[in-house]
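Numbering (my numbering), first residue to last: 317 to 507.
Here a beta-carbon is modelled for each residue, glycine too, at the ideal position from N, C-alpha and C.
First the structure, in the form of structure tokens, and then the observations on it.
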Amino acid sequence: EVGDENEIGRIARGFNRMADRLEDLYNNLEQKVAEKTAVVEEKNRHLAQLYEITSFFSRQRPLDEMTNGFVERILRYTDADACTVTLCEAKSHHAALASSCGLSAELLKKVSASPLVSSFCDAVLKKNYPIVTQLDAEGANELSRIFTDAGFHTAYSFQVRSTSDSIGIYTLFFREDPALSSQTIQLLESF
């Protein structure tokens, strides 16, 4: 215990602070190592996924094979329940569903028939960042209600670019609110 306010007392207080800090470091060392290891493992997993996607797109293949392969990989990389790729014609503002996974044929038919697909695609392409949509939000549009009726809760939409032009979007659908880290969202943008 420190009783004096002189030099010895200040040294004793500093020593006590140092001892407390060392005890904290010692007691939490395993936790800190585990946290750092988890961060490194996540970065390694992201690098492997980025490499796999890059390798996949580096080979010439038909458009439907490319979009289907992309959707399958994205679903494998995330906890998403469904994924779609929609290609958009900028001049005519026409959007067409190019690929999907995790959606029923009936749901795909409803979505394809909705006139809101093109306007949703345009809205995503106007942004330079992903759009998060709470599908069951109050006042949701017809397209959101179609997905809500199918049990989906949240959608993340990302731009698809070819060189410098935006050519469409891909959207991940979740039945539960996802816990996507900022690193995961950045990786999904890179894809």
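- Beyond the five residues adjoining it in sequence on each side, Q499 comes within less than 8 Å, by CB distance, of E358, K359, H362 in the same chain, given in chain order.
- Rounded to the nearest angstrom, the gap between the Cα atoms of E454 and L413 is 26 Å.
- DSSP places E368 within a helical segment (H, G or I) once states are collapsed to three.
- Annotation: the continuous beta strand (DSSP E) that includes S473 extends over 470-478.
- The count of Cβ pairs closer than 8 Å, one atom from the segment 479-496 and one from the segment 395-402, reaches three, so the stretches are in contact.
- With fewer than 16 other beta carbons inside 10 angstroms of its own, Q502 counts as exposed.
- Beta-carbon to beta-carbon, C404 and G484 are separated by about 5 Å, close enough to satisfy the 8 Å threshold.
- Counted as a single uninterrupted DSSP element, the beta strand (DSSP E) harbouring Q450 occupies residues 447-450.
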